[in-house]
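J.: Respectively, the protein sequence lines represent chains F and E. Counting from 1, position 30 in the first sequence corresponds to residue 30 in my numbering; the numbering is continuous, with no gaps. Count along the second sequence from 1, add 310, and you get the number used in my numbering. Ideal Cβ positions, reconstructed from N, Cα and C, are used throughout, including at glycine.
Protein chains: 2
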Amino acid sequence: MSLTVVGSIAFDAVTTPFGTREKMLGGAAVHFSLASSFFTDVRVVGPVGDDFGEAEYAVLRTRGTNTDDVEHVPGGETFFWRAHYEYDLNTAHTDDTRLGVFGTFEPKLSQESKDADVLFLANIQPDVQRGVREQSNARFVALDSMNLWIETAKDSLIKTIETVDCVLLNDAEIRQLTGKANLVQAAREIRALGPRVVVAKQGEYGAALLTDEGFFGLPAYPLETVNDPTGAGDSFAGGFVGYLAAHGGDDLSHQTLCRAMAYGTAIASYNVEEFGTERVARLTREEVTERVGELQRITHFVDAPVALRA
Amino acid sequence: MSLTVVGSIAFDAVTTPFGTREKMLGGAAVHFSLASSFFTDVRVVGPVGDDFGEAEYAVLRTRGTNTDDVEHVPGGETFFWRAHYEYDLNTAHTDDTRLGVFGTFEPKLSQESKDADVLFLANIQPDVQRGVREQSNARFVALDSMNLWIETAKDSLIKTIETVDCVLLNDAEIRQLTGKANLVQAAREIRALGPRVVVAKQGEYGAALLTDEGFFGLPAYPLETVNDPTGAGDSFAGGFVGYLAAHGGDDLSHQTLCRAMAYGTAIASYNVEEFGTERVARLTREEVTERVGELQRITHFVDAPVALRA
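Spelled out as structure tokens, the structure:
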């Protein structure tokens, strides 16, 4: 059981109403790796610059993640993102983006990364995603994307979606991509392109799974303390895709997908409790299991007969 | 088991991307009554004008709702509301409001309405709600409100909230009322005022229940066809409060509240499939039961052991 993730490795400067970090480890591939490493052998593929040091590698290697395919670009600077959040933590306001080595990233997968059972294409330019997909021998491929590519590279994104098994997007992005306001219709349109599985990420409202076999809705875990939402979506994806990778990537039964949603939701809920990777880097498997159980409890109801009137 | 609802009875003119109705029965008390009438004896209290005819009374009396306390104001005009929705069906754009007889409504409850086990105060000026609450002998009282009263009559609204057992509001209203962005904290603040039960209505994302005993989150039923969201919140409230009234209003156990949420969600999902009261007026108990079962199915997952890595 093995999983390759290709995406950004970054330094983030983030201010929320609850604190500030001037330079912390971030990036989609990092958050994804930390979450998925609970489930399977993870290989992370992404570029870093000279400013990326042993301390950052150590975090990336949490729970055994393999960093052999992290590409160090001599003389380069690691992708840097500065943003702030208002009290509405659903919206990140980007203040600065310096792509650095990520701007010219051409992912080269080692044979081991090509041969992983499962591939996750984190949010990158869709041509680049498709190039990676073509190198890979994975049995199950999932991708994330963003509004920027829907606006500037929609044809390429659609071509890439046609080659994958699973799409994870915000529900606003699903609507934007399809031009359909109704999520059920929009997800069906995406599935008609090829992917069997569509996951709509809904931020503080949780996530929804839409497949031909059915629908599954899971609220976010209710938290009293949310310090930094950065990376929540990638942590969710890491838990979701990681869980599927633990099953070899070829068990896509409805209940397995539902469980994967729960693991993604559980890990994402820890992620936002603290800044950046702080919480998930020291998260224990007992804590993950406990929160999955709590998610079960807070969504569970049993109908009891009630005499309805005609 | 009996339930009194006090609120608006209206004619609505509504345009959505999927159709137009120039004059249809609406109003919070109407949608609430139609939903709650599945569960218990309902008495509806609200004012109507000369334009309110036998056809409208007939709809209001669906499943035996008692209209003895509907106050006909001679020479008056029934509350009229005109609105349109864009493709984002979450936001109603009000084009015209003529309060008519609702503008000077001073609810007078008959002895039977006072003695109902359960009282629902639909969205009205909070002074008026409090006056009704003081007339009532109900064991369980719930209220709805809106942003207008939070902005213009917040002190009065808080005084009214202090006298009830349950508050149902949109999550944006809960945040606005408390000044707290975090829903868990905001709901606790409302409970500190008196109510044991807070329900956050979340539109297309469903609803959340927040009590001292716990949290319950339920997604909305996924629909491919939504023609008119008008009345969804009141239908939800009618199903929720109606279910509690069927249990005499004094079973507030967590599982009973969760089931009540499911019945509210199920009926609200039917409400939005067609315009105004069209769908719920002819809804059958079998259909309600069926959708509650579907809600159970689409939220159910069973954890399966997975070997997490340390």
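Could you tell me if Gly-413 of chain E is buried or exposed, where buried requires 16 or more neighbouring beta carbons within 10 angstroms of its beta carbon?
T.: Exposed, by the Cβ-count rule.
J.: Are at least three pairs of beta-carbons, each pair with one atom in the stretch 384-404 of chain E and one in the stretch 266-274 of chain F, less than 8 Å apart?
T.: The stretch 384-404 of chain E, when compared against the stretch 266-274 of chain F, does not touch it at the 8 Å Cβ threshold.
J.: For the beta strand (DSSP E) that His-394 of chain E lies in, which residues bound it at each end?
T.: Where His-394 of chain E is concerned, the enclosing beta strand (DSSP E) stretches over 389-395.
J.: Thinking C-alpha only, which one of E:Ala-578, E:Ala-491, E:Asp-379, E:Thr-407 is nearest Thr-225 of chain F?
T.: Selected option, being the one with the closest Cα: E:Ala-491.
J.: Report all residues from its chain with a CB closer than 6 Å to the CB of His-254 of chain F; omit the five preceding and five following residues, and keep chain order.
T.: Excluding sequence neighbours, His-254 of chain F sits near Glu-213, Gly-214.
J.: For Ser-37 of chain F, decide whether its Cβ has a neighbour in chain E, counting only Cβ atoms nearer than 9 Å.
T.: Yes, its Cβ sits closer than 9 Å to a Cβ of chain E.
J.: Counting only Cβ pairs nearer than 9 Å, list the residues of chain F close to Thr-407 of chain E.
T.: Residues of chain F passing the Cβ test: none, with the nearest at roughly 26 Å.
J.: List, in order along the chain, the chain F residues whose C-beta lies closer than 7 Å to that of Val-442 of chain E?
T.: Within chain F, no residue comes near Val-442 of chain E; the closest Cβ sits about 25 Å away, beyond 7 Å.
J.: According to DSSP, what are the bridge partners of Ala-518 of chain E?
T.: According to DSSP, which records beta bridges pairwise, Ala-518 of chain E is partnered with E:Ala-510, E:Gly-527.
J.: How far does the alpha helix (DSSP H) with Phe-550 of chain E in it reach, from first residue to last?
T.: Unbroken alpha helix (DSSP H) run through Phe-550 of chain E: 542-556.
J.: Would you kindly work out how many angstroms separate the C-alpha atoms of Glu-151 of chain F and Asp-171 of chain F, rounded to a whole number?
T.: C-alpha separation (whole angstroms): 15 Å.
J.: Tell me whether the beta-carbon of Ala-339 of chain E lies closer than 9 Å to the beta-carbon of Val-316 of chain E.
T.: Yes, the pair counts as a contact, with Cβ atoms nearer than the cut-off.
J.: Measuring straight from C-alpha to C-alpha, what distance separates Val-101 of chain F and Arg-43 of chain F?
T.: Cα to Cα, the separation comes out at about 19 Å.
J.: Is Ala-266 of chain F helix, strand or coil by DSSP?
T.: It is helical.
J.: Using a cut-off of 8 Å between C-beta atoms, extract the partners of Gln-111 of chain F located in chain E.
T.: Simply none; closest approach about 24 Å.
J.: Rounded to a whole number of angstroms, what is the C-alpha to C-alpha distance between Lys-333 of chain E and Tyr-85 of chain F?
T.: Looking at the two C-alpha atoms, the distance is approximately 44 Å.
J.: Hey, Leu-618 of chain E and Arg-285 of chain F are a contact pair by Cβ (cut 8 Å); roughly how many whole angstroms apart?
T.: Yes, Leu-618 of chain E and Arg-285 of chain F are in contact; Cβ-Cβ is about 4 Å, under 8 Å.
J.: For Ile-608 of chain E, which residues in chain F fall below 8 Å Cβ to Cβ?
T.: Per Cβ cutoff of 8 Å: Gly-214, Phe-215, Phe-216, Gly-217.
J.: Determine whether the Cβ of Thr-284 of chain F lies closer than 9 Å to any Cβ atom of chain E.
T.: So yes, Thr-284 of chain F belongs to the interface.
J.: Flag Phe-140 of chain F as yes if its beta-carbon sits less than 9 Å from any beta-carbon of chain E, otherwise no.
T.: Phe-140 of chain F does not count as touching chain E.
J.: With DSSP as the reference, label Thr-488 of chain E as helix, strand or coil.
T.: Here Thr-488 of chain E sits in helix by DSSP.
J.: Output the residue ranges of the beta strand (DSSP E) runs that lie fully inside the stretch 98-166 of chain F and measure 3 residues or longer, sorted by chain position.
T.: 118-121, 140-144, all fully within the stretch 98-166 of chain F.
J.: To the nearest angstrom, how far is the alpha carbon of Thr-160 of chain F from that of Gln-135 of chain F?
T.: Straight-line Cα distance between these residues: approximately 13 Å.
J.: If you follow the alpha helix (DSSP H) that Thr-599 of chain E is in, where does it begin and where does it stop?
T.: 595-609 is the span of the alpha helix (DSSP H), which, as asked, contains Thr-599 of chain E.
J.: Just to make sure I have the definition right: I need the residues of chain F whose C-beta is within less than 9 Å of the C-beta of Tyr-553 of chain E. Which are they?
T.: Near Tyr-553 of chain E (Cβ distances below 9 Å), the residues of chain F are Val-306.
J.: Quick one: list the residues of chain F neighbouring Pro-417 of chain E, beta-carbon separation under 9 Å, in chain order.
T.: Chain F residues near Pro-417 of chain E: none, gap ~25 Å exceeds 9 Å.
J.: If I measure Cβ to Cβ from Met-456 of chain E and keep anything under 6 Å in the same chain, skipping five residues before and after, which residues do I get?
T.: Asn-433.
J.: Is the CB-CB distance between Ile-267 of chain F and Phe-236 of chain F below 9 Å?
T.: Yes, Cβ-Cβ distance for Ile-267 of chain F and Phe-236 of chain F is below 9 Å.
J.: Is Asn-581 of chain E close to chain F? Criterion is C-beta to C-beta, closer than 9 Å.
T.: No, its Cβ sits nowhere closer than 9 Å to a Cβ of chain F.
J.: Could you tell me which residues DSSP pairs with Arg-371 of chain E in its beta bridges?
T.: Its beta-bridge partners do not exist; DSSP assigns none.
J.: For Thr-20 of chain F, count neighbouring Cβ atoms within 10 angstroms of its own Cβ and tell me buried if that reaches 16, exposed if not.
T.: Exposed: under 16 other Cβ atoms inside 10 Å.
J.: Strictly below 7 Å CB to CB, what residues from chain F border Asp-427 of chain E?
T.: Those within 7 Å of Asp-427 of chain E in chain F number zero; the least Cβ separation is about 15 Å.
J.: Taking a Cβ distance cut-off of 7 Å, strictly less, list which residues of the stretch 548-577 of chain E are near chain F, in chain order.
T.: Cβ contacts with chain F: Tyr-553, Ala-556, Gln-565, Cys-568, Arg-569, Ala-572.
J.: Flag Asp-76 of chain F as yes if its beta-carbon sits less than 9 Å from any beta-carbon of chain E, otherwise no.
T.: Looking at the sequence shown, residue 76 of chain F is not Asp but Gly. No, its Cβ sits nowhere closer than 9 Å to a Cβ of chain E.
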